[in-house]
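Novice:
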Amino acid sequence: MAQTADADFKTRLQSLLPKLVLSPSLAMVLVFVYGFIIFSVYLSFTDSRLLPSYGWVGWENYSKLWRLSHWEISLTNMGIFAALYITICTVLGLSLAIFLDQKVRAEGVIRTIYLYPMALSFIVTGTAWKWFLDPGIGLENVLQTWGWTTFEFDWIKNRDFAIYTVVLAAVWQTSGFVMAMFLAGLRGIDNEILKAAQMDGASNWNLYRRIIIPQLRPAFLSAFVILSHLAIKTFDLVIALTGGGPGRATELPATFMYSYTFSRNQMGIGAASATIMLMTIAAIMIPYLYAELREKK
Amino acid sequence: MSVATQDTAIRTGRVSRTLIYLVLLLFALFYMLPLYVMVVNSVKPLDEITGGGMMNLPQAFTLDPWAKAWSSAQIGVDPTGLKPYFWNSIKMVVPAVAISTVLGALNGYVLTKWRFRGDTILFGLMLFACFIPFQIVLIPMARMLGLMGLAGTTWGLVLVHVVYGIGFTTLYFRNYYAVFPTELVRAAQIDGAGFFQIFWRILLPSSGPIAVVSIIWQFTNIWNDFLFGASFAGADSQPMTVALNNLVQSSTGVKEYNVHFAGAILAALPTLLVYIVAGRYFVRGLMAGSVKG
Numbered sequence: 005m006a007q008t009a010d011a012d013f014k015t016r017l018q019s020l021l022p023k024l025v026l027s028p029s030l031a032m033v034l035v036f037v038y039g040f041i042i043f044s045v046y047l048s049f050t051d052s053r054l055l056p057s058y059g060w061v062g063w064e065n066y067s068k069l070w071r072l073s074h075w076e077i078s079l080t081n082m083g084i085f086a087a088l089y090i091t092i093c094t095v096l097g098l099s100l101a102i103f104l105d106q107k108v109r110a111e112g113v114i115r116t117i118y119l120y121p122m123a124l125s126f127i128v129t130g131t132a133w134k135w136f137l138d139p140g141i142g143l144e145n146v147l148q149t150w151g152w153t154t155f156e157f158d159w160i161k162n163r164d165f166a167i168y169t170v171v172l173a174a175v176w177q178t179s180g181f182v183m184a185m186f187l188a189g190l191r192g193i194d195n196e197i198l199k200a201a202q203m204d205g206a207s208n209w210n211l212y213r214r215i216i217i218p219q220l221r222p223a224f225l226s227a228f229v230i231l232s233h234l235a236i237k238t239f240d241l242v243i244a245l246t247g248g249g250p251g252r253a254t255e256l257p258a259t260f261m262y263s264y265t266f267s268r269n270q271m272g273i274g275a276a277s278a279t280i281m282l283m284t285i286a287a288i289m290i291p292y293l294y295a296e297l298r299e300k301k
Numbered sequence: 572m573s574v575a576t577q578d579t580a581i582r583t584g585r586v587s588r589t590l591i592y593l594v595l596l597l598f599a600l601f602y603m604l605p606l607y608v609m610v611v612n613s614v615k616p617l618d619e620i621t622g623g624g625m626m627n628l629p630q631a632f633t634l635d636p637w638a639k640a641w642s643s644a645q646i647g648v649d650p651t652g653l654k655p656y657f658w659n660s661i662k663m664v665v666p667a668v669a670i671s672t673v674l675g676a677l678n679g680y681v682l683t684k685w686r687f688r689g690d691t692i693l694f695g696l697m698l699f700a701c702f703i704p705f706q707i708v709l710i711p712m713a714r715m716l717g718l719m720g721l722a723g724t725t726w727g728l729v730l731v732h733v734v735y736g737i738g739f740t741t742l743y744f745r746n747y748y749a750v751f752p753t754e755l756v757r758a759a760q761i762d763g764a765g766f767f768q769i770f771w772r773i774l775l776p777s778s779g780p781i782a783v784v785s786i787i788w789q790f791t792n793i794w795n796d797f798l799f800g801a802s803f804a805g806a807d808s809q810p811m812t813v814a815l816n817n818l819v820q821s822s823t824g825v826k827e828y829n830v831h832f833a834g835a836i837l838a839a840l841p842t843l844l845v846y847i848v849a850g851r852y853f854v855r856g857l858m859a860g861s862v863k864g
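Chain order of the listed sequences is A and B. Using our numbering, the letters of the first sequence map in sequence onto residues 5 to 301. Using our numbering, the letters of the second sequence map in sequence onto residues 572 to 864.
#1: Grab the span of the alpha helix (DSSP H) containing GLN789 (chain B) for me, first residue to last.
#2: Residues of chain A with a CB under 7 angstroms from the CB of THR621 (chain B): which are they?
#3: List, in order along the chain, the chain B residues whose C-beta lies closer than 8 angstroms to that of LEU124 (chain A)?
#4: Residues in the stretch 706 to 724 of chain B with C-beta within 8 angstroms of chain A's C-beta atoms, listed in sequence order?
#5: Using CA coordinates, which residue listed in A:ILE193, A:ALA244 and A:THR94 is at the minimum distance from ALA173 (chain A)?
#6: LEU100 (chain A) and VAL681 (chain B) look like a contact to me (Cβ under 8 angstroms); what is the Cβ gap, rounded to whole Å?
#7: So ALA833 (chain B) packs on SER613 (chain B), CB below 8 angstroms; how close in whole Å?
#8: Could you tell me the alpha carbon to alpha carbon distance between ALA286 (chain A) and LEU696 (chain B), rounded to whole angstroms?
#9: Could you spell out the range, first to last residue, of the alpha helix (DSSP H) harbouring ILE692 (chain B)?
#10: Give me the Cα-Cα distance between LEU69 (chain A) and SER78 (chain A), rounded to the nearest whole angstrom.
#11: Going by the DSSP bridge assignment, what does SER60 (chain A) pair with across the sheet?
#12: Do you know how far the Cα of ALA235 (chain A) is from the Cα of ALA123 (chain A)?
#13: According to the Cβ coordinates, are LEU282 (chain A) and ILE707 (chain B) closer than 8 angstroms?
#14: Do GLY647 (chain B) and ASN795 (chain B) come within 8 angstroms of each other at the CB atom, strictly closer than that value?
#15: Identify which residue in A:LEU241, A:ALA253 and A:VAL229 has its Cα closest to the Cα of GLU296 (chain A).
#16: Determine, using beta carbons only, whether LEU220 (chain A) comes closer than 8 angstroms to chain B.
#17: So, ALA375 (chain A) versus PHE260 (chain A), is the Cβ gap smaller than 8 angstroms?
#18: Does the beta carbon of TYR118 (chain A) sit closer than 8 angstroms to a beta carbon anywhere in chain B?
#19: Decide if ALA801 (chain B) is buried, meaning its Cβ has at least 16 other Cβ atoms within 10 Å, or exposed.
#20: Which bits of chain A does GLN820 (chain B) rub up against, with CB to CB less than 9 angstroms?
#21: Mind checking GLN809 (chain B): buried by the 16 CB within 10 Å criterion, or exposed?
#22: Determine, using beta carbons only, whether ILE92 (chain A) comes closer than 8 angstroms to chain B.
#23: For ALA31 (chain A), which three-state DSSP category applies?
#24: Return the CA-CA distance between VAL756 (chain B) and ARG686 (chain B), expressed in angstroms with no decimal places.
#25: In whole angstroms, give me the CA-to-CA distance for ALA700 (chain B) and PRO841 (chain B).
#26: Report the residue from A:TYR118, A:GLN177 and A:ASP158 whose alpha carbon sits nearest the alpha carbon of ILE127 (chain A).
#27: Compile a chain-ordered list of the residues in the stretch 661 to 682 of chain B whose CB is closer than 7 angstroms to at least one CB of chain A.
#28: Going by DSSP, name the residue or residues bridged to ASP649 (chain B).
#29: Within its chain, find whatever has a CB closer than 7 angstroms to the CB of THR812 (chain B); leave out the 5 residues flanking it on each side and keep chain order.
#30: Measure the C-alpha to C-alpha separation of LEU721 (chain B) and THR579 (chain B) and round it to an integer number of angstroms.
#31: For the alpha helix (DSSP H) that contains TRP867 (chain B), what are its first and last residues?
#32: Quick one: using the 10 Å Cβ neighbour count with 16 as the cut-off for buried, is ASN195 (chain A) buried or exposed?
#33: For the candidate residues A:VAL171, A:LEU96 and A:LEU231, whose alpha-carbon lies nearest to that of ALA599 (chain B)?
#34: So, is GLU76 (chain A) buried or exposed, given that buried needs 16 or more other C-beta atoms within 10 angstroms?
#35: Cα-Cα, which of B:VAL784, B:ILE793 and B:GLY763 is closest to LEU728 (chain B)?
#36: Does the Cβ-Cβ distance between ASN81 (chain A) and THR254 (chain A) come in under 8 angstroms?
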C-alpha cells in the first residue's frame, strides 16, 4: 500500500514539475511586467510628483500633457524620426541585400562590416557621431582645412536639422541588420520560378518587381515591426548624441518621460507619457505576435 | 542564416556588376567611418584633432589617451578612469546572462515538450514583455528594488536584466526545441526517465548552438544597456555605458576628444570581440530574434 501511495505521489510530482519549473519566470513576468504596467497606468491618474502618491486626479495629467509644448515637440520629432528611420533602413537594407545577393566576392567580409554596428552600444555610436558631426572638430572643420573653406555642416548644432543627425546615426546602427533580414528572405526564394521567368524573357528589374520583392512580404513585416518598436524606444542614442538639444530640438517621448519623471518631479505626467508610449507599441506588437503565434497551430 | 547557401538565379552584366561593387564598397566605407574615426583619434595627441586633423592618421602615435580613459580620467567626481565601471559591467553581465539563459532553456523545454492548455498564451505574455517601452516599468521598478533592499546594487541590475531578458531567451529555446523530435522525449518517458533526466540527457547535449545564440544576444543587450543602468545603478554599480556617457558629457575642463574615443572603444570592445569571434552565430541569432513564433 505504502509503495503505491509513494509511486502515486511521484507521478503527480512529475506531472506538476513542468508547471513548477515555469512558474518562477511566469511570476516574475506577471509582477515585474504586467503588475508594473498596471501600477504605472494607475500613477498616471494620480497627483504623483517627486514620489508616487495616490490622490486620484482623473485625466488631468493627460490633459496637461497634451498642452505641453515640450510633449508636442517630442511627438513631432518622433514622427519625423520614425518615418525617416523606418523608410531609409528598409530601402537601404533591401537594396544592399539585393546587391549582396549577386554572387559577389568577399560577401562574408562585407556582411560583417555592414552588421558590426549592431553589436555596439548606442552610447558608443552617439559618441562617435557626436564628435564626427561637431562643426568645431569634425567633418566641417576637416573639409575646411582641406581647402573647401566655404563648406558648412552644422546640423547637430542647428535646431532645424539636429533631428536628422539622430536619424543618420540610427540608420548607421541598424540598417545592416535590416539588410541581413532581407538577405535571409532572398536566400529562401525558389530559383526555379526565377529561371522559368527568365526563359520567358523577363528582365532583372521585372523579376525583382513582380516576383522577388512580393515574396519578401514576411521580411518587410518583421522589419517594420522591429524598426518601429526600436524607434519608439530610442533613448540612449539621443542622450549620447545631442542630449535632447540644442534646446529641445531632439527630444523624443522616451527622453521626455525620463526628464519629467526623474529631473522635473512630475511623475504623474511622466507616467502618462509612458502609458501613451506603451499603447503605441502595443497597437503594433499585439496584432503581430497574435498572428505569428496563431499560424503555428 | 541557415538558408544562406542558395545563390540567386539572377544574371548580371559587366557594367551593372561594376556598379554593384562600387555601391557595396561605398557603403562599406560608410559603416567603417565611425570606427576609423574612433580608432585613429584615440591614438593621437589632442592638438592633432583640434587642429582639423580628425580624418588624418596620427603623426605622433601615443597610447596616453587609452591609459587615461582606462585608469585616470575624471568620471563624475572621481578621477578613476573607466576601469572600475568595466568591472561593474562584468559583475552584472555574467550572472544576468547565465541566469536568463538557464531559465530560458527550461521554459523553452516546458513550452514545447510538456505542453498544457493555455501555454501559447503564457508564452505570448512573456514575449510581449520583450517589446514594452521600459519607461512604463521604471517608476515601480525603482520602488520594488528599494523594498527588496537591492536599490543601487549590482544584484538589483542583475534581477532587472533577468526579468526583461527571459522573454527573448525563452523565445530562442522554444523555437529550437520545437523542431526537436518529441518521439525521443516520449520514448525516454516510457523508459522511466524523469523531467530533469530527459532535459539533462536528451535535450541539453544538442543545445549548444542555441545556447551560444542566447548567450551572445543577452551579453550584447545587457552590456549595451543604458536606461536601466542610468536609472537604477548606485555609485558602486554603474555600468560602463553610464560611465562613458558621464565621461563624454562632462562639462568641466578641456574636452579631451582622444580620451573620449579611447573610452568609447573600451566600452565597445567586449561586444565587438564577441561579434567578431562568434559572428556567424550572432547573425543566426538575430534572424531567430525576428520573432519567428
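Backbone N, C-alpha and C fix where the C-beta goes; we use that ideal spot for every residue, glycine too.
Specialist: In this structure, then:
#1: As a working note, residue 789 (chain B) is residue 218 in the second sequence. Looking at the DSSP string, the run of the alpha helix (DSSP H) that includes GLN789 (chain B) is 779 to 795.
#2: Here the question's residue 621 (chain B) lines up with position 50 in the second sequence. The answer, in chain order, is ILE141.
#3: Here residue 124 (chain A) corresponds to residue number 120 of the first sequence, with the count starting at 1. Result: ASN795, ALA839, THR842 and LEU843.
#4: GLN706, ILE707, VAL708, LEU709, ILE710, PRO711, MET712, ARG714 and MET715
#5: As a working mapping, residue 173 (chain A) is identified with position 169 in the first sequence. Out of A:ILE193, A:ALA244 and A:THR94, A:ALA244 has the C-alpha closest to the C-alpha of ALA173 (chain A).
#6: Along the first sequence, one-based indexing puts residue 100 (chain A) at 96. Along the second sequence, one-based indexing puts residue 681 (chain B) at 110. Wrong, their Cβ atoms sit about 40 angstroms apart, outside the cutoff.
#7: Taking the second sequence and counting its residues from 1, one reaches residue 833 (chain B) at position 262. Taking the second sequence and counting its residues from 1, one reaches residue 613 (chain B) at position 42. Indeed they touch by this definition, with Cβ atoms about 4 angstroms apart.
#8: As a first step, residue 286 (chain A) is located in the first sequence; it is residue number 282 there, counting from the start. As a first step, residue 696 (chain B) is located in the second sequence; it is residue number 125 there, counting from the start. Distance between the alpha carbons of ALA286 (chain A) and LEU696 (chain B) is about 12 angstroms.
#9: By 1-based counting over the second sequence, the position of residue 692 (chain B) is 121. Start and end: 690 to 702.
#10: Reading the first sequence from its first residue, position 65 is the one you call residue 69 (chain A). Reading the first sequence from its first residue, position 74 is the one you call residue 78 (chain A). Taking C-alpha positions only, LEU69 (chain A) is separated from SER78 (chain A) by approximately 11 angstroms.
#11: Taking the first sequence and counting its residues from 1, the one referred to as residue 60 (chain A) is at position 56. Contrary to the premise, residue 60 (chain A) reads as Trp rather than Ser in this sequence. DSSP output for TRP60 (chain A) lists A:THR50 as bridge partner(s).
#12: The residue you call residue 123 (chain A) lines up with position 119 of the first sequence. The residue you call residue 235 (chain A) lines up with position 231 of the first sequence. Approximately 17 angstroms between the Cα atoms of the pair.
#13: By one-based count along the first sequence, residue 282 (chain A) stands at place 278. By one-based count along the second sequence, residue 707 (chain B) stands at place 136. A contact, by the Cβ cut-off of 8 angstroms.
#14: Here the question's residue 795 (chain B) lines up with position 224 in the second sequence. Here the question's residue 647 (chain B) lines up with position 76 in the second sequence. Taking 8 angstroms as the Cβ cut-off, ASN795 (chain B) and GLY647 (chain B) do not qualify as a contacting pair.
#15: Along the first sequence, one-based indexing puts residue 296 (chain A) at 292. Looking at the Cα atoms, A:VAL229 is the closest of the given residues.
#16: Reading the first sequence from its first residue, position 216 is the one you call residue 220 (chain A). No, its Cβ sits nowhere closer than 8 angstroms to a Cβ of chain B.
#17: Given a span of 5 to 301 for chain A in the structure shown, any question on residue 375 (chain A) remains unanswerable.
#18: Start at 1 with the first residue of the first sequence, and residue 118 (chain A) comes out as number 114. Closer than 8 angstroms to some Cβ of chain B, the Cβ of TYR118 (chain A) qualifies, so yes.
#19: Numbered from its first residue, the second sequence carries residue 801 (chain B) at position 230. Per the 10 Å Cβ criterion, buried.
#20: Numbered from 1 along the second sequence, position 249 holds the residue referred to as residue 820 (chain B). Within 9 angstroms Cβ-Cβ: ILE243, ALA244 and GLY247.
#21: As a first step, residue 809 (chain B) is located in the second sequence; it is residue number 238 there, counting from the start. Burial call: buried.
#22: Translated into the one-based positions of the first sequence, residue 92 (chain A) becomes position 88. No, no contact with chain B.
#23: Taking the first sequence and counting its residues from 1, the one referred to as residue 31 (chain A) is at position 27. If DSSP states are grouped into helix, strand and coil, ALA31 (chain A) belongs with the helices.
#24: Start at 1 with the first residue of the second sequence, and residue 756 (chain B) comes out as number 185. Start at 1 with the first residue of the second sequence, and residue 686 (chain B) comes out as number 115. One C-alpha to the other measures close to 13 angstroms.
#25: If you number the second sequence from 1, residue 700 (chain B) lands on position 129. If you number the second sequence from 1, residue 841 (chain B) lands on position 270. Roughly 27 angstroms between the two C-alpha positions.
#26: Stepping through the first sequence from its first residue, residue 127 (chain A) is reached at position 123. Taking only the C-alpha atoms, the option nearest ILE127 (chain A) is A:GLN177.
#27: LEU674, LEU677, ASN678 and VAL681
#28: Taking the first residue of the second sequence as 1, we reach residue 649 (chain B) at position 78. Bridge partners of ASP649 (chain B): B:ILE646.
#29: The sequence position of residue 812 (chain B) within the second sequence is 241, counting from 1. Counting only Cβ-Cβ distances below 7 angstroms, and skipping sequence neighbours, we find ASN795, ASP796, PHE797, GLY800 and ALA838.
#30: Translated into the one-based positions of the second sequence, residue 721 (chain B) becomes position 150. Translated into the one-based positions of the second sequence, residue 579 (chain B) becomes position 8. Taking the straight line from one Cα to the other gives about 54 angstroms.
#31: Outside the shown range of chain B, which is 572 to 864, sits residue 867 (chain B), and nothing can be said about it.
#32: Counting from one through the first sequence, the residue named residue 195 (chain A) turns up at place 191. By the neighbour-count rule (16 or more Cβ atoms within 10 Å), ASN195 (chain A) is not buried but exposed.
#33: Walking along the second sequence from the start, residue 599 (chain B) turns up at place 28. Nearest Cα to ALA599 (chain B) within the set A:VAL171, A:LEU96 and A:LEU231: A:LEU96.
#34: By one-based count along the first sequence, residue 76 (chain A) stands at place 72. Exposed is the call here.
#35: Here residue 728 (chain B) refers to the residue found at position 157 of the second sequence. Comparing Cα positions, the closest option is B:ILE793.
#36: Along the first sequence, one-based indexing puts residue 81 (chain A) at 77. Along the first sequence, one-based indexing puts residue 254 (chain A) at 250. Their beta carbons are under 8 angstroms apart, which means ASN81 (chain A) touches THR254 (chain A) by this criterion.
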